[in-house]
Every structure is written in C-alpha cells, then in structure tokens.
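Q: Numbering follows my numbering, in which position 9 of the sequence shown is assigned residue number 9; successive positions increment by one, without gaps. We put the beta carbon where it would ideally sit given N, CA and C, even for glycine.
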Amino acid sequence: TLKVPESAAHRQAIDLVGLAVTHTLGSRVQVFRDMNWYPTDGGGPLAPDLMVLPAGAIEPSPTSYRQDQTGGPPPLAVVEVPSASDTYVSFRAKASRLHQLGAVVYLVIVLSPGQAVLRLGPGDREPQPWAGQPMEELGGIRLSFEAGELVVETPSGLRATSDADLVTQVELRAVEAEGRAVEAEGRAAEAEERLSALLRQMEAAGITPEIDRPAASG
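Rendered as structure tokens:
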C-alpha cells in the first residue's frame, strides 16, 4: 500500500491517539500503526493509520494482518487521520470500506480549517460528529480541539496535546503511585511496631492479651 509522507500534525495525532489507547486498554488490545490488513472481502490490502485488534488476534511482532487467511476478527476500531494529499472522494471510499468490513471508523481531521472528530459506527450511513464524546472502542478516551491543537483525555484523568506530554504524565503518575505505596508500607510498619510495644508493656504488667485471629478458611 502506497503511503504518502505525513505532515507533523498528521504524525503527532496518530502517535497521540495510539499511545492513549495503549495506555488505557493495555494488554486487552493490540494496536498497530500503518500495518497492512488483508481483509475477507477479496479486495486489496488496507493500511489504517491505527488499527486496534483484540488481544491475541495476531502473533507478536507481525508484519501484516492476513485476516483473509486466518479468519481472525475484524478490528475493534480503526483511526484514520486524513493528510493534505487525501481527496474527499478517495478518503470517504476508504472509510466506507472499513465500515463495511465490520470496523468502527474514527476520522480525526487535524487540518485547519475544518478540524473535527467523526465516528462511523454500526447502523450509521454517514460519519457522526464525535468531538468530546467517549470513544468506547478505544477505551473511552475523548478527543477535542483547543486553540487549533488536538487534545486527548483519558478516563483516568490524563489530558495531553502530544505523545511526549502523555508519556510524562503517565510516568509522573507511576512515580506518585510508588511514593504512596512506600508511605503506606511505612505507616503499616509503624502501626505494627506500636502494637508490639503495647503487647510488651501488657506482658510486663502481667496481663495476657487476647488477640482474635481470623478463622482459617477451608
């Protein structure tokens, strides 16, 4: 499949959405960028900007998805980001074919003017406006535009305008979570030490403490 050189905005949008989906859904899906998909309709291969498959649909590190040979499932969703060289007629035809093959299609138009997020889902005859709405097939992330920039929001509260920004936030959250875990371990150790000290005092005073133990299961 011939791929046209990408603009910076086109590439950044694909990377941002792909990273957000991977972060949100994790091991439940496989996310591929520009990978050839040989569908079951007998037509030529497709190469969506992003293709989201259920986990285990393909072996690790594949070079293509030959659904026509394996009988695997259609993608859960595909994301297409039109480039400046795409004509409306050719791009609309591609989106229609993807839709007919059973994939939910998200169109993320980052060219200005005319920025938009559209969804072509089951039962739709035309793409529906979807900016700011949860993209359920992509883990519930939301896409919108602010001051001409594409913004992604994850269900966990992360909000970013680039993949680097999202990576930074994910790493910061991981560090904060690790810090909270260390603090919790410290508090647990302090509580155990206070209990041990109290027991020693009671024993020194000739008091035998009665401590209820959880009943053994089984």
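(1) Give me whichever residues DSSP pairs with V108 in a beta bridge.
(2) Report yes if the C-beta distance between T161 and L150 is below 8 Å; otherwise report no.
(3) Evaluate contact between the segment 20-29 and the segment 132-150, counting only Cβ atoms and requiring at least three cross-stretch pairs below 8 Å.
(4) Taking the C-alpha atoms as reference points, what is the distance between V52 and S85?
(5) Identify which residue in E126, V29 and L50 has its Cα closest to the Cα of E59.
(6) Where does M35 fall in DSSP's three states?
(7) Just mark E185 as buried or exposed, buried being the case when its beta carbon has 16 or more other beta carbons within 10 Å.
(8) Can you tell me which of P122, V117, Q67 and P82 puts its alpha carbon nearest to the alpha carbon of G131?
(9) Mind checking which residues open and close the alpha helix (DSSP H) that includes A20?
(10) Assuming V79 and P54 form a contact by the criterion Cβ under 8 Å, report the distance between their Cβ atoms to the nearest whole angstrom.
(11) Taking just the CA atoms, how far does G102 sit from D68?
(12) Quick one: residues in its chain with C-beta nearer than 7 Å to the C-beta of G18, no 5 flanking neighbours on either side, listed in chain order?
(13) Roughly how many angstroms lie between the CA atoms of P209 and R194, to the nearest whole one?
(14) Let me know the secondary structure DSSP gives V4 once reduced to three states.
A: Looking at the atomic coordinates:
(1) In DSSP, V108 forms a bridge with V117.
(2) Against a cut-off of 8 Å, the Cβ pair of L150 and T161 comes out as a contact.
(3) Flag = yes, the segment 20-29 and the segment 132-150 touch.
(4) Straight-line Cα distance between these residues: approximately 24 Å.
(5) It is V29.
(6) Of the three classes helix, strand and coil, the one that applies to M35 here is coil, per DSSP.
(7) Around the beta carbon of E185, a 10 Å sphere encloses fewer than 16 other beta carbons of the protein chains shown; the residue is thus reported as exposed.
(8) The sequence given here has Ala at residue 131, not Gly. Nearest neighbour of A131 by Cα position, chosen from P122, V117, Q67 and P82, turns out to be V117.
(9) Note, A20: alpha helix (DSSP H), A8 to L25.
(10) Not quite, the Cβ-Cβ distance comes to about 16 Å (not below 8 Å), so this is no contact.
(11) C-alpha of D68 to C-alpha of G102: approximately 14 Å in a straight line.
(12) Leaving aside the five residues that flank G18 on each side, the residues in its chain whose CB is nearer than 7 Å to its CB run, in chain order, V31, R33 and L50.
(13) Taking the straight line from one Cα to the other gives about 15 Å.
(14) With a pLDDT of 49 at V4, under the threshold of 50, the modelled position of this residue cannot be trusted, and the question is left open.
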